[in-house]
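Worksheet for the structure shown next.
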Amino acid sequence: MRGGTVFFKPATQTTIGEIVALTGSVPRADAPLDRVITGVAPLERATSSDLAFISQAKYAKLLKSSRAGACLATEALEHLVPGQITVLRALDPFYAFVLVARQLFPDALRPMSVFETTGTAASAVVHPTALIAAGVTIDPGAVIGPRARIDTGTIIGANAVIGPDVEIGRNCSIGPGVTIVCSLIGDEVIVHAGCRLGQDGFRFHSSPRGHLKVPQLGRVIIEDNVEIGAGTTIDRGGSADTIIGRGSKLDNLVQIGHHVSVGRNCVIVAQCGLAGSVVLGDHVVLGGQVGVADHLEIGGGATVAAKSGVTSNIPPGGKWFGYPARQAREYFRSLAALRRLAKATKPD
Amino acid sequence: MRGGTVFFKPATQTTIGEIVALTGSVPRADAPLDRVITGVAPLERATSSDLAFISQAKYAKLLKSSRAGACLATEALEHLVPGQITVLRALDPFYAFVLVARQLFPDALRPMSVFETTGTAASAVVHPTALIAAGVTIDPGAVIGPRARIDTGTIIGANAVIGPDVEIGRNCSIGPGVTIVCSLIGDEVIVHAGCRLGQDGFRFHSSPRGHLKVPQLGRVIIEDNVEIGAGTTIDRGGSADTIIGRGSKLDNLVQIGHHVSVGRNCVIVAQCGLAGSVVLGDHVVLGGQVGVADHLEIGGGATVAAKSGVTSNIPPGGKWFGYPARQAREYFRSLAALRRLAKATKPD
Amino acid sequence: MRGGTVFFKPATQTTIGEIVALTGSVPRADAPLDRVITGVAPLERATSSDLAFISQAKYAKLLKSSRAGACLATEALEHLVPGQITVLRALDPFYAFVLVARQLFPDALRPMSVFETTGTAASAVVHPTALIAAGVTIDPGAVIGPRARIDTGTIIGANAVIGPDVEIGRNCSIGPGVTIVCSLIGDEVIVHAGCRLGQDGFRFHSSPRGHLKVPQLGRVIIEDNVEIGAGTTIDRGGSADTIIGRGSKLDNLVQIGHHVSVGRNCVIVAQCGLAGSVVLGDHVVLGGQVGVADHLEIGGGATVAAKSGVTSNIPPGGKWFGYPARQAREYFRSLAALRRLAKATKPD
Numbered sequence: 261m262r263g264g265t266v267f268f269k270p271a272t273q274t275t276i277g278e279i280v281a282l283t284g285s286v287p288r289a290d291a292p293l294d295r296v297i298t299g300v301a302p303l304e305r306a307t308s309s310d311l312a313f314i315s316q317a318k319y320a321k322l323l324k325s326s327r328a329g330a331c332l333a334t335e336a337l338e339h340l341v342p343g344q345i346t347v348l349r350a351l352d353p354f355y356a357f358v359l360v361a362r363q364l365f366p367d368a369l370r371p372m373s374v375f376e377t378t379g380t381a382a383s384a385v386v387h388p389t390a391l392i393a394a395g396v397t398i399d400p401g402a403v404i405g406p407r408a409r410i411d412t413g414t415i416i417g418a419n420a421v422i423g424p425d426v427e428i429g430r431n432c433s434i435g436p437g438v439t440i441v442c443s444l445i446g447d448e449v450i451v452h453a454g455c456r457l458g459q460d461g462f463r464f465h466s467s468p469r470g471h472l473k474v475p476q477l478g479r480v481i482i483e484d485n486v487e488i489g490a491g492t493t494i495d496r497g498g499s500a501d502t503i504i505g506r507g508s509k510l511d512n513l514v515q516i517g518h519h520v521s522v523g524r525n526c527v528i529v530a531q532c533g534l535a536g537s538v539v540l541g542d543h544v545v546l547g548g549q550v551g552v553a554d555h556l557e558i559g560g561g562a563t564v565a566a567k568s569g570v571t572s573n574i575p576p577g578g579k580w581f582g583y584p585a586r587q588a589r590e591y592f593r594s595l596a597a598l599r600r601l602a603k604a605t606k607p608d
Numbered sequence: 261m262r263g264g265t266v267f268f269k270p271a272t273q274t275t276i277g278e279i280v281a282l283t284g285s286v287p288r289a290d291a292p293l294d295r296v297i298t299g300v301a302p303l304e305r306a307t308s309s310d311l312a313f314i315s316q317a318k319y320a321k322l323l324k325s326s327r328a329g330a331c332l333a334t335e336a337l338e339h340l341v342p343g344q345i346t347v348l349r350a351l352d353p354f355y356a357f358v359l360v361a362r363q364l365f366p367d368a369l370r371p372m373s374v375f376e377t378t379g380t381a382a383s384a385v386v387h388p389t390a391l392i393a394a395g396v397t398i399d400p401g402a403v404i405g406p407r408a409r410i411d412t413g414t415i416i417g418a419n420a421v422i423g424p425d426v427e428i429g430r431n432c433s434i435g436p437g438v439t440i441v442c443s444l445i446g447d448e449v450i451v452h453a454g455c456r457l458g459q460d461g462f463r464f465h466s467s468p469r470g471h472l473k474v475p476q477l478g479r480v481i482i483e484d485n486v487e488i489g490a491g492t493t494i495d496r497g498g499s500a501d502t503i504i505g506r507g508s509k510l511d512n513l514v515q516i517g518h519h520v521s522v523g524r525n526c527v528i529v530a531q532c533g534l535a536g537s538v539v540l541g542d543h544v545v546l547g548g549q550v551g552v553a554d555h556l557e558i559g560g561g562a563t564v565a566a567k568s569g570v571t572s573n574i575p576p577g578g579k580w581f582g583y584p585a586r587q588a589r590e591y592f593r594s595l596a597a598l599r600r601l602a603k604a605t606k607p608d
Numbered sequence: 261m262r263g264g265t266v267f268f269k270p271a272t273q274t275t276i277g278e279i280v281a282l283t284g285s286v287p288r289a290d291a292p293l294d295r296v297i298t299g300v301a302p303l304e305r306a307t308s309s310d311l312a313f314i315s316q317a318k319y320a321k322l323l324k325s326s327r328a329g330a331c332l333a334t335e336a337l338e339h340l341v342p343g344q345i346t347v348l349r350a351l352d353p354f355y356a357f358v359l360v361a362r363q364l365f366p367d368a369l370r371p372m373s374v375f376e377t378t379g380t381a382a383s384a385v386v387h388p389t390a391l392i393a394a395g396v397t398i399d400p401g402a403v404i405g406p407r408a409r410i411d412t413g414t415i416i417g418a419n420a421v422i423g424p425d426v427e428i429g430r431n432c433s434i435g436p437g438v439t440i441v442c443s444l445i446g447d448e449v450i451v452h453a454g455c456r457l458g459q460d461g462f463r464f465h466s467s468p469r470g471h472l473k474v475p476q477l478g479r480v481i482i483e484d485n486v487e488i489g490a491g492t493t494i495d496r497g498g499s500a501d502t503i504i505g506r507g508s509k510l511d512n513l514v515q516i517g518h519h520v521s522v523g524r525n526c527v528i529v530a531q532c533g534l535a536g537s538v539v540l541g542d543h544v545v546l547g548g549q550v551g552v553a554d555h556l557e558i559g560g561g562a563t564v565a566a567k568s569g570v571t572s573n574i575p576p577g578g579k580w581f582g583y584p585a586r587q588a589r590e591y592f593r594s595l596a597a598l599r600r601l602a603k604a605t606k607p608d
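Protein chains in written order, with this note's numbering: chain Y, 261 to 608; chain B, 261 to 608; chain A, 261 to 608.
Here it is in structure tokens:
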């Protein structure tokens, strides 16, 4: 293997002075404002053309040996940065660092054409009634069905499949191998490789004779600025819609059942499963592998720890643990009680 | 977004009289039998051309404000339906409702061609030795290998891949992006987008030097009327077959190991994992995210609650909870005991 | 269905004498060394042309009725094999059995071309700057991006997508529908159908205003002889790489977060989730549905039981259970303590 292969080269270069202007950070009086910065990296990996950052004292030990060209730091940590590194004071060094990274590496912000082209690839199959705006990229092997509408700036990945009447907004990235049917997608949405959106939910009339499929007539609505991780599945609603609210981020291999409503700016970590008709408020955070039973509501701002199982409604704002999910205080008391009891018990 | 986009239009329309005939429900003497019904919806969303249903008293409060044209109801609830809604008495209102929904919206019953075509798309790649019956639809980009047999009425989705010698019966829907190798599929089977069927199981000869792959020579057998959710993976058996019994329904992102045998009419909810050689009887229900260890048997009719971990055989018919999975009585006693103990304990 | 369909026919046939030579097993003096063996099977399914094996006394009851032509057995069990079965003594009968199976059924050792062809299929889309070695097979509908390098003996499955600059070594099998970007893949690697490698990790700058995506500039490195199960997702690192060490085996639907480092010869069973920056030593075994929280280290040789949740570092070599994961002794004491307590408690 060519160990030196680099997949992302900076789209541009910047200077200390431009970083100051972009981030509102504060240089020292003697800072070399015309020094060129071409990359971003953590302290321990940065070279003299890289920008790094420090916002927690526990990483201060990395400063001494760092070869970073510049480092964003909080006021409290600024004095620890060695003299050969240009220090830039910032209220939120990580935020400033991310702003610079996004400017230098725009190609890493969303899945790009794997063919590095624009327009519609010769081998893509686009139905004549589909409405493809100017400035759309359709990669090889993608299939776009009748009356689908795809707006400007959007990339449809190789071998992705877009069904009839689906609408996709501006500046979206639909990854390779994605399937989207019965869905309306907003602007600036990222759907990573292999996601499945809009297939019908898991709903049957069950009797001793078997399970009769109930037609699912709803849709999937993905609002603006949502990101959906690789391999995630989102079923369409039965009569009402399944909705992922603006700005929410879903990780890989998440399962969203029919008629789920996810609020705005939620974070759903990998392998979570939300059963049918679950409602999440805004800014809910679900750790990895969490399960939520059907028809439950989780209030805005609540956090559920990884691997928890939610079996009843959760009010806004607290932190929940375990299965069945309980508040932190009760959960940790249970753990402690059990640990003490176990110490006093011999195994069967 | 065009909020008004509708993905499913009724294939036909019906009347109160025809609904009575189809479902065996009982209208009142003055029912307008020629009233036209074009849709189905829950009470709170139904319009005057929609059929709704009520089978539980707790939803009775929705009746007053409902604008449904007609409503199926149990004998016990029939009298609560307001006069402007045509009421139809039914033993099982939900079942009758599903029958009508299926008649009005046949396109929602299984994944259809995303190109809305029939026959073999020009960009599909079908091996000359494959046997494709009349009445099969093969969507753009699908790949069908040597000697595969696909029977009439079946749809192969866009960019799906069907391997050598695979057989698929009548009236199946294979979703977009599905991969099927080393498998025999019955009739009326639905395989949703992105499923992976027939790859070899996870079996090695392990030693301190590493893990030597054991050839897996068995098959995947999917019996009639099975449904498999999006992104689900089913490995083929090592020497015997992996079998999914007639009428069983698997949800999204389920993992079925090699040589598993699932009985008839089982329900396996999303993200369950069944390790190698597990045997499920008929009518077993596994809630979401359940795990079952290898070589275990779960008796017919048993139900395992979501997120449980099954570590020993389960007899037929009971309800099981937790990890390790226990019967309801023991599980809830454990929870209660721990809760009381925790109340009496301070955290560490 | 044609119940008799066989997907794997032996590529060759062998004899008792050749098996003795290949495996170092020891025949009895009167063994028919020229007897032809064409298959492998477990004792209960073997026919007279099949090789079987026995290495555990608990399966001895299968010997009497077995119709196997030959059977590998440990010294302790050898005398139990009936006279009509040719017995071959081996130190590790299963290992010897696997060696023979691998010789007879090489096609079952990795995903093969579903079109049974070699070279580049007419419908594959290969960028003119991609470097495709002689002896590479590219199945129909596959898409290979600019400057990708694919070495000899490798198969790229139907409708797979390989991104720009990706490198894939010798004798790899990339399954149908796989997506690989920003990755370097060694030799003899198997990537099963529908895997997603190299998409960016789940990393944001979060504030009350929302979640700002952090560019992920690292790579995925897959070392030699790794196997990755169907539907598994592996995110690329943020600045450093995500690494899967030589000889490690991942099952289906596993999630590997950004900057994870998996050691050599690890085994990760289906539906495990490893959060960002987790480090596994060599020979770590994770049972199914295990979750590991971010930045944790699991020492070499440690085993974590299925469904466990790892919330703190684990030293090398032990066996861990539950959530939070504890050592066997403590875990089973807890279970026993709780069981006794529950017996003495009435449910709420």
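Where a beta carbon is used, it is the ideal one built from N, C-alpha and C, also for glycine.
CB contact check: residue i to chain Y, cutoff 7 Å
| i | result |
| --- | --- |
| ARG593/B | no |
| LYS473/A | yes |
| VAL421/A | yes |
| GLY413/A | no |
| LYS509/B | yes |
Any chain B beta carbon closer than 7 Å to residue i
| i | result |
| --- | --- |
| GLY569/Y | yes |
| LEU457/A | no |
| ALA271/A | no |
| CYS331/Y | no |
| ASN525/A | yes |
| THR605/A | yes |
Contacting residues, own chain, Cβ-Cβ under 8 Å from residue i (five flanking each side not counted)
| i | result |
| --- | --- |
| ARG479/B | CYS442, SER443, LEU444, GLY458, ARG496, GLY497, ASP501 and THR502 |
| PRO575/B | GLY559 and ALA562 |
beta-carbon residue i near the ligand COA non-hydrogen atom, thresh 6 Å
| i | result |
| --- | --- |
| PHE365/Y | Ligands displayed in this structure: none; no statement on the ligand COA is therefore possible. |
Contacts around residue i, its chain only, beta-carbon distance under 6 Å, and the 5 residues preceding and following it disregarded
| i | result |
| --- | --- |
| LEU391/Y | ARG409 |
| THR274/B | ILE297 |
| THR571/B | ALA553 and PRO584 |
| ILE504/Y | ILE482, VAL486 and VAL522 |
| GLY425/A | First, the residue type needs correcting, since residue 425/A is Asp and not Gly in the sequence shown. Closer than 6 Å at Cβ, skipping near neighbours: ARG407. |
Below-7 Å beta-carbon distance, residue i vs any chain A residue
| i | result |
| --- | --- |
| GLY541/Y | no |
| TYR319/Y | no |
| ARG262/B | Reliability fails at ARG262/B, whose pLDDT of 47 lies under 50, so the model's placement of it is uncertain and the value that follows must be treated cautiously. No, its Cβ sits nowhere closer than 7 Å to a Cβ of chain A. |
| GLN476/B | yes |
| GLU448/Y | no |
Beta-carbon contacts of residue i that lie in its chain and below 7 Å, excluding the five residues immediately before and after
| i | result |
| --- | --- |
| LYS269/B | none |
| PHE618/Y | Absent from the structure is residue 618/Y, since the part of chain Y shown begins at 261 and ends at 608. |
| THR492/Y | CYS455, LEU510, ASN512, LEU513 and VAL514 |
- Item | At least 3 beta-carbon pairs within less than 8 Å: the segment 429 to 439 of chain A vs the segment 451 to 465 of chain A | A contact exists between the segment 429 to 439 of chain A and the segment 451 to 465 of chain A.
- For the segment 303 to 315 of chain B against the segment 324 to 333 of chain B, are there 3 or more C-beta pairs whose distance is under 8 Å? Because the criterion of three Cβ pairs below 8 Å is met, the segment 303 to 315 of chain B and the segment 324 to 333 of chain B touch.
- Item | Minimum length 4: unbroken alpha helix (DSSP H) runs contained in the segment 323 to 401 of chain B | Annotation note: the segment 323 to 401 of chain B contains the following uninterrupted alpha helix (DSSP H) runs of length 4 or greater, listed N- to C-terminal: 353 to 364.
- Please specify which runs of the alpha helix (DSSP H), each continuous and at least 4 residues long, are wholly inside the segment 456 to 490 of chain B, giving them in chain order. Secondary structure in the segment 456 to 490 of chain B: no alpha helix (DSSP H) run of 4 residues or longer lies completely within the stretch.
- Task: Compile a chain-ordered list of the residues in the segment 537 to 567 of chain Y whose CB is closer than 7 Å to at least one CB of chain A.
- Result: Under the 7 Å Cβ criterion, the segment 537 to 567 of chain Y contributes GLY548, GLN549, ALA566 and LYS567.
- In chain order, what residues of the segment 380 to 401 of chain Y put their CB closer than 9 Å to some CB of chain A? Using a CB distance below 9 Å, the part of the segment 380 to 401 of chain Y facing chain A consists of ALA381, ALA382, SER383, ASP399, PRO400 and GLY401, ordered along the chain.
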